[in-house]
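From first to last, the protein sequence lines stand for chains A and B. Using UniProt numbering, the first residue of the first sequence is number 1, and each one after it goes up by one. Using UniProt numbering, the first residue of the second sequence is number 1, and each one after it goes up by one.
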Amino acid sequence: MGAIFLSASIPVIGRGQYYETATPFLIQCAVRELAIATVRRHKIVWGGHPAITPMMWNICEDLGANYKESVILYQSRFFEGRYPEENQRFDNVIYTNPVPGDIKGSLQLMREQMLSREDLIGAVFIGGMDGVEVEYDIFRRFNPEAFVLPVAAPGGAALNLARDKGYFNDRELENIDFATIFNRYLPV
Amino acid sequence: MSFIYHLAIIGAPSAEQIFELETAVTDAVSGFGLTLGQEIGWEVAPADFAPYQRRSSAAVFFGDVDANHSSLSSLLRGGVPIVPVVSDLNRVALEVPEILQSLNCLSYANGGAKRVATALLECAGLLPKQRRVFVSYRRDEASQAALQMFDALSAKHFDVFLDTRSIAPAEDFQTMLWHRLCDSDVLLMLDTPDYFNSRWTAAEFGRALAKGISVLRVGWPEACCSDRLGTASLAELDTSELDASSGRISDHAIDRICLQLEEIRSESHAVRTVNLLSNLRIGIEAIGGEVIGMGTGRCIRVRLPDERMVLVYPTVGVPTSTTMHDASMNSPDESVAILYDHVGLHPQWLSHLDWLGQYIQATRWVKACEAGWQFADWRA
């Protein structure tokens, strides 16, 4: 069972221009279809998100997949004391060491550990902000042969990635048929 | 102008048919407060019809000898429903191109423009019974505003679910609530400061999102937007739009929210339909069959690998015994399946569907994510 890195977050006002192109409902739909398409075949590795994690539990439950085995969360101990409540409910969080007083360094360390996992077979980017490009570069460094799928239609940094790196053409950038996209680009 | 819905007449309609259909559709949508050419895109005999994928759309194809249209194949592939219309049901092979012949055709002689208009609007999800909205609020904080929204949306022919109005005292409140929520296109949330202290746990809210429900958050001026609401669309109320003493929202804000809800609803309907159809297509193509397209009654025609044809009725929300009954009555002589997406549905309801399916064999339930293997062993 390979693992797929999911970079999914919802852009907020005040952190770059990502908010302007983002459609939160489409981020929800894309993550939903990704989970339905993959969770019985691959692990999903990601950093969690308060608006998306509860949806992930339910999809796993409804598809008969064990959430704590199917979804692996990474968190930096830099944020100790501020973890989301759901971390305590499931034993599926890998904590990485903090760099004292350095949020950027702590996140970098967490990303390096998360993206250098040996079982990663690919990465999917949905929505997102400034961290997306950083994660893309680290992922590519550790996994030069793995597939990368930026899902463009929901907007945010994943749209920039898809456009700037030439993943899709104009019409494909707007495609909201997520089920077909995941079926076409994800390995069986 | 960006349309909220998008409709077209293609093929070979006569000037009289165009006039009659335009009149019938205009009449029907005026009740929703919508106008052809404004909120509803209306294209008559366009050279190409390529509706925006994020808007609910449909087309009528008027048949005639040698009538055709270059967009038919891409429309069918993209999940845009097409209603083929002929002068007489005995002339389908003559008047309709082969690609549409297996879809259910309507005879213009039987019911005329009104019947065609109803079929077209049903395909775009624009019948009043399809326009389902769930209003969620705290009684002690937003009763007045909730009643205002109920009245305003009902006046626009939405089928509005308001928990205090729509559940009889003896009914199982929680089960009924979830059932109706999962059957709605949009959850309209009146987000007052104490909303999340009593309304939903994270898990319940996650279930609504897992069903693909679109959330429109109407934020009260002093309410903080919860982290859980990241995927919601936002309609913030300004202090000037809310009367603090009566709790009433201004008429202007009500109009704004209704229009935003209409847009979100169209998008939600379109995205959920296209992905449901694609999950069916992925399953059918994996076993060597073919999904031909969606037509009258939002019914999908599927060819199985052994050339048998099956009619598939997709249910975006919660399938019921009535769905089964309707499908069976609409297509009494055909092999019929009801396609539904079980992710997000309440486990009690799923077990009820399994039970029902064991006793009724005329139509079969098919889970979207298991379409391939269920159709691989098709007996109906």
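For glycine and all other residues, C-beta sits at the position ideal for the given N, C-alpha and C.
Per DSSP, which one or two residues make a beta bridge with W378 (chain B)?
Within the second sequence, residue 378 (chain B) is the residue found at index 378, counting from 1. DSSP, once it has assigned bridges, lists no residue as partnering W378 (chain B).
Taking the straight line between their C-alpha atoms, what separation do you get for F158 (chain B) and R131 (chain B)?
By 1-based counting over the second sequence, the position of residue 158 (chain B) is 158. By 1-based counting over the second sequence, the position of residue 131 (chain B) is 131. So the alpha carbons of these two residues sit roughly 5 Å apart.
Residues of chain B with CB closer than 9 Å to the CB of I10 (chain A), please, in chain order.
If you number the first sequence from 1, residue 10 (chain A) lands on position 10. Result: G230 and T231.
Can you pull the chain A residues whose beta carbon is under 7 Å from the beta carbon of G206 (chain B), in chain order?
Numbered from 1 along the second sequence, position 206 holds the residue referred to as residue 206 (chain B). The contacting residues are P54, M55, W57 and N58.
Let me check one thing: in DSSP terms, what residues is E13 (chain A) bridge-paired to?
Along the first sequence, one-based indexing puts residue 13 (chain A) at 13. In the sequence under discussion, the amino acid at residue 13 (chain A) is Ile, which differs from the Glu named in the question. Bridge partners of I13 (chain A): none, in fact.
What three-state label does DSSP hand H6 (chain B) in the structure shown?
In the second sequence, residue 6 (chain B) corresponds to position 6, counting from 1. Reduced to three states, the DSSP call for H6 (chain B) is strand.
Buried or exposed: which applies to N279 (chain B), given that a residue is buried once 16 or more other Cβ atoms fall within 10 Å of its Cβ?
The sequence position of residue 279 (chain B) within the second sequence is 279, counting from 1. Answer is buried; the Cβ neighbour count reaches 16.
Note the first and the last residue of the continuous beta strand (DSSP E) segment covering D159 (chain B).
As a first step, residue 159 (chain B) must be located in the second sequence, where it is residue number 159. Element bounds for D159 (chain B): D159 to L162.
Please report how far the alpha carbon of V271 (chain B) lies from the alpha carbon of N169 (chain A), in whole angstroms.
Taking the second sequence and counting its residues from 1, the one referred to as residue 271 (chain B) is at position 271. Taking the first sequence and counting its residues from 1, the one referred to as residue 169 (chain A) is at position 169. Their backbone Cα atoms lie some 20 Å apart in a straight line.
Given a cut-off of 8 Å on the beta-carbon distance, is the pair D62 (chain A) and G344 (chain B) in contact?
Mapped onto the first sequence, residue 62 (chain A) falls at position 62. Mapped onto the second sequence, residue 344 (chain B) falls at position 344. Contact flag set, yes.
Determine the closest residue to I249 (chain B) out of B:Q260, B:I264 and B:W220, with distance taken between C-alpha atoms.
The sequence position of residue 249 (chain B) within the second sequence is 249, counting from 1. Of B:Q260, B:I264 and B:W220, the residue nearest in Cα terms is B:W220.
Which residues share a DSSP beta bridge with I44 (chain A)?
Here residue 44 (chain A) refers to the residue found at position 44 when the first sequence is read from its first residue. According to DSSP, which records beta bridges pairwise, I44 (chain A) is partnered with A:I4 and A:V71.
Closest Cβ-Cβ distance between Q38 (chain B) and chain A: below 8 Å?
Taking the second sequence and counting its residues from 1, one reaches residue 38 (chain B) at position 38. Q38 (chain B) does not count as touching chain A.
Return no unless some Cβ of chain B is closer than 8 Å to the Cβ of L26 (chain A).
Against the first sequence, residue 26 (chain A) aligns to sequence position 26. It does; some Cβ of chain B falls within 8 Å.
Rounded to whole angstroms, what is the Cα-Cα separation between A28 (chain B) and L120 (chain B)?
Residue numbering aside, residue 28 (chain B) sits at position 28 when the second sequence is read from its first letter. Residue numbering aside, residue 120 (chain B) sits at position 120 when the second sequence is read from its first letter. If you take the alpha carbons of A28 (chain B) and L120 (chain B), they lie about 11 Å apart.
Mapping the DSSP letters down to three states, classify P84 (chain B) as helix, strand or coil.
Here the question's residue 84 (chain B) lines up with position 84 in the second sequence. Here P84 (chain B) sits in strand by DSSP.
Taking the Cβ atom as the reference point for each residue, do T315 (chain B) and T323 (chain B) lie within a distance shorter than 8 Å?
Within the second sequence, residue 315 (chain B) is the residue found at index 315, counting from 1. Within the second sequence, residue 323 (chain B) is the residue found at index 323, counting from 1. For T315 (chain B) and T323 (chain B), yes; Cβs fall inside 8 Å.
Compare the beta carbon distance of V218 (chain B) and D191 (chain B) with 8 Å and say whether it is the shorter of the two.
Translated into the one-based positions of the second sequence, residue 218 (chain B) becomes position 218. Translated into the one-based positions of the second sequence, residue 191 (chain B) becomes position 191. Contact: yes.
Near E262 (chain B), what residues of its chain come up, given a Cβ to Cβ distance below 6 Å and the 5 sequence neighbours on each side ignored?
Here residue 262 (chain B) is taken as the residue at index 262 of the second sequence, counted from 1. Answer for E262 (chain B): I4, listed in chain order.
Using a C-beta to C-beta distance shorter than 9 Å, which residues of chain B count as neighbours of N175 (chain A)?
Against the first sequence, residue 175 (chain A) aligns to sequence position 175. Under the 9 Å cutoff, chain B gives Q53.
Restricting to Cα atoms, I'd like to know which of B:E39, B:L127, B:P332 and B:V83 is closest to N104 (chain B).
As a position in the second sequence, residue 104 (chain B) is number 104, starting the count at 1. Residue B:V83 is the option with its Cα nearest to N104 (chain B).
Taking only beta carbons into account, state which residues of the stretch 194–228 of chain B come closer than 7 Å to chain A, listed in chain order.
For the stretch 194–228 of chain B, which is checked against every Cβ of chain A, the residues closer than 7 Å are A202, A203, F205, G206, R207, L209, A210, G212, S214, D227 and R228.
I need the straight-line Cα distance from A35 (chain A) to E204 (chain B), nearest angstrom please.
The residue labelled residue 35 (chain A) in the question sits at position 35 within the first sequence. The residue labelled residue 204 (chain B) in the question sits at position 204 within the second sequence. Spanning the two alpha carbons is a distance of roughly 18 Å.
Quick check: is the beta carbon of R41 (chain A) nearer than 8 Å to any beta carbon in chain B?
Within the first sequence, the letter at position 41 stands for residue 41 (chain A). So no, R41 (chain A) is outside the interface.
Hey, could you find the ends of the alpha helix (DSSP H) R111 (chain A) is sitting in?
If you number the first sequence from 1, residue 111 (chain A) lands on position 111. Residues I103 to L115.
Measure the beta-carbon distance from P84 (chain A) to G48 (chain A) and round it to whole angstroms, keeping in mind my assumption that it falls under 8 Å.
As a first step, residue 84 (chain A) must be located in the first sequence, where it is residue number 84. As a first step, residue 48 (chain A) must be located in the first sequence, where it is residue number 48. The pair is a contact, with the Cβ atoms about 6 Å apart (cut-off 8 Å).
Which of the three DSSP states is assigned to P144 (chain A) in this structure?
Here the question's residue 144 (chain A) lines up with position 144 in the first sequence. Note: P144 (chain A) maps to coil in three-state DSSP.
Which ranges would you report for the beta strand (DSSP E) in the stretch 295–379 of chain B if only whole runs of at least 3 residues count?
Complete beta strand (DSSP E) runs here, min 3: 299–303, 309–315, 336–340 and 363–367.
Could you work out which residues of chain A lie near S268 (chain B), taking near to mean beta carbons separated by less than 8 Å?
In the second sequence, residue 268 (chain B) corresponds to position 268, counting from 1. Chain A residues near S268 (chain B): F25.
For S278 (chain B), return the contacting residues in chain A, with the cut-off set at a CB-CB distance below 7 Å.
To locate residue 278 (chain B), count along the second sequence from 1; it is residue 278. Simply D177, A179 and T180.
Using DSSP's beta-bridge definition, name the partner residues of R217 (chain B).
Indexing the second sequence from 1 puts residue 217 (chain B) at position 217. Partner(s): B:M189 and B:L234.
How long is the line joining the alpha carbons of S214 (chain B) and P150 (chain A), rounded to whole angstroms?
The residue given as residue 214 (chain B) occupies position 214 in the second sequence. The residue given as residue 150 (chain A) occupies position 150 in the first sequence. For S214 (chain B) and P150 (chain A), the distance between alpha carbons rounds to 23 Å.
Using the Cα positions of A37 (chain A) and E69 (chain A), report the straight-line distance between them to the nearest angstrom.
The residue labelled residue 37 (chain A) in the question sits at position 37 within the first sequence. The residue labelled residue 69 (chain A) in the question sits at position 69 within the first sequence. Near 16 Å, if we compare the C-alpha coordinates of E69 (chain A) and A37 (chain A).
Taking C-beta to C-beta, are F25 (chain A) and L115 (chain A) nearer than 8 Å?
Residue 25 (chain A) sits at position 25 when you count from the first residue of the first sequence. Residue 115 (chain A) sits at position 115 when you count from the first residue of the first sequence. Not a contact, by the Cβ cut-off of 8 Å.
Taking Cβ positions only, does G344 (chain B) come closer than 8 Å to chain A?
Residue 344 (chain B) sits at position 344 when you count from the first residue of the second sequence. Yes - at least one Cβ of chain A is within 8 Å of the one on G344 (chain B).
Within the 8 Å Cβ cut-off, does I4 (chain B) reach chain A?
Taking the first residue of the second sequence as 1, we reach residue 4 (chain B) at position 4. It does not; no Cβ of chain A falls within 8 Å.
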